[in-house]
Ligand SMILES: Nc1nc2c(ncn2[C@@H]2O[C@H](COP(=O)(O)OP(=O)(O)OP(=O)(O)O)[C@@H](O)[C@H]2O)c(=O)[nH]1
Ligand SMILES: [Mg+2]
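In structure tokens:
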């Protein structure tokens, strides 16, 4: 009966290689948008909220699984699942309490577990920030790699935007990080980097950041890498990173060996002690442009 009312699929055991789970109101919004944007590859989407009304009003397409208990999610994670992305906005109850629990479930099943979370504005009050800080500490212990988007740092310089816009910006970043993480695995790769290679970067990666930039043509790659290394989405410049992953996606044009070598050497020059892995991906939908993602993991907490 309840299933008919809510019109949702009951979670099945069968899952994809990648599962993206939104937890709590903000996390579910970001994952829903991600689904609508459409990422290439076989991906399962799950929304978890204890608030039945929130799930109900979302009018989700039936391809997204809706869950109200953590054990439903536990049942869904099968041996086929190799990577789980957990997206949540910390500060409320649902996300802050359940994201670490769900992350631990996934990691206990030896699934590569990545957290992508936001930290609230200071003005949301002491209790909210304390709750979010506790959740971050727990999450840090339960995931392999953790991306933290700090609302305050992100919007510190532009206090005159309305709150809805500020949240939309955060949603956009959560979505972008999840999208790029997924693309490193799902997009066609020219230089035979496979999932175990990528896993090495993120396993026990701890605090991580991501930079994204676009070059109009191959001559602009270094400039774009420099922009990405500023990590503007995170507003922090990591001093030391354990590992760096560069994902250069080309469309209809391809970068020459020289251009790739210059790019790799430049990043190595900026982060000399880090282990570096680079992926040359292909996505003709970006036309003549080149898209660059740089991820740094293993940062000091
Ligand atoms: N990015 C984003 N953040 C939001 C949004 N709404 C609220 N937030 C932030 O996320 C934090 C948690 O809010 P929710 O995600 O709504 O909370 P929840 O996890 O559902 O928890 P409860 O509703 O309290 O059970 C808030 O303190 C805000 O900082 C949103 O639409 N987008
Ligand atoms: Mg809620």
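Residue numbers (my numbering): 4 to 304.
The beta carbon of each residue, even a glycine, is placed where N, CA and C say it ideally should be.
In this structure, residue 231 lies near residue 297, with their beta-carbon atoms less than 8 Å apart.
Ranked by Cα distance from residue 283, the first of 289, 292, 301, 249 is 249.
Comparing C-alpha distances from residue 24 to each of 93, 42, 67 shows the shortest one belongs to 67. Boundaries of the alpha helix (DSSP H) harbouring residue 198: 198 to 205, taken from the DSSP string. Between the segment 179 to 195 and the segment 210 to 224, the count of C-beta pairs closer than 8 Å reaches three or more; the two stretches touch.
Closer than 7 Å to some heavy atom of ligand 1: that describes the Cβ of residue 170. In this structure, 30 is the residue among 148, 37, 117, 30 with its C-alpha nearest to the C-alpha of residue 98.
In this structure, residue 28 has its CB closer than 7 Å to one or more heavy atoms of ligand 2. Between the beta-carbon of residue 83 and that of residue 19 there is about 7 Å, and that keeps the pair under the 8 Å contact cut.
Exclusion of the five residues before and after residue 252 leaves 284, 286, 294 as the residues of its chain whose Cβ lies within less than 6 Å of its Cβ. The beta-carbon distance between residue 138 and residue 102, rounded to whole angstroms, is 7 Å. This is short enough to meet the 8 Å contact definition.
As far as DSSP is concerned, residue 224 takes part in no beta bridge. Shown here, residue 78 sits in a helix according to DSSP, grouped into three states. Judged by DSSP secondary structure, residue 48 falls within the beta strand (DSSP E) whose first and last residues are 46 to 51. Approximately 15 Å separates the beta-carbon atoms of residue 46 and residue 76; this is outside 8 Å, ruling out the contact. DSSP places residue 37 inside the alpha helix (DSSP H), whose first and last residues are 27 to 40. If you look at residue 261, you'll find it in the alpha helix (DSSP H) that goes 260 to 273. Here the distance from the Cβ of residue 70 to the nearest heavy atom of ligand 1 is not below 7 Å. Burial state of residue 55 is exposed, judged by a 10 Å Cβ sphere holding fewer than 16 other Cβ atoms. For residue 207, the CB contacts under 7 Å within the same chain, skipping 5 residues up- and downstream, are 147 in chain order.
In the three-state reduction of the DSSP assignment, residue 149 falls in the strand class, which pools E and B. Proximity of the beta carbon of residue 111 to ligand 2 is not indicated: no heavy atom of the ligand is located closer than 7 Å. Pairing residue 158 with residue 128, the inter-Cα distance amounts to about 16 Å. Here DSSP, grouped into helix, strand and coil, assigns residue 234 to coil.
Assignment of residue 157 by DSSP, reduced to helix, strand and coil, places it in the helix class.
Sixteen is the threshold: since fewer than 16 other Cβ atoms of the shown chains lie within 10 Å of the Cβ of residue 165, the residue is exposed.
Of the residues assessed, residue 290 falls on the exposed side of the cut-off, its CB having fewer than 16 other CB atoms within 10 angstroms. As DSSP reads the structure, residue 137 sits in no beta bridge.
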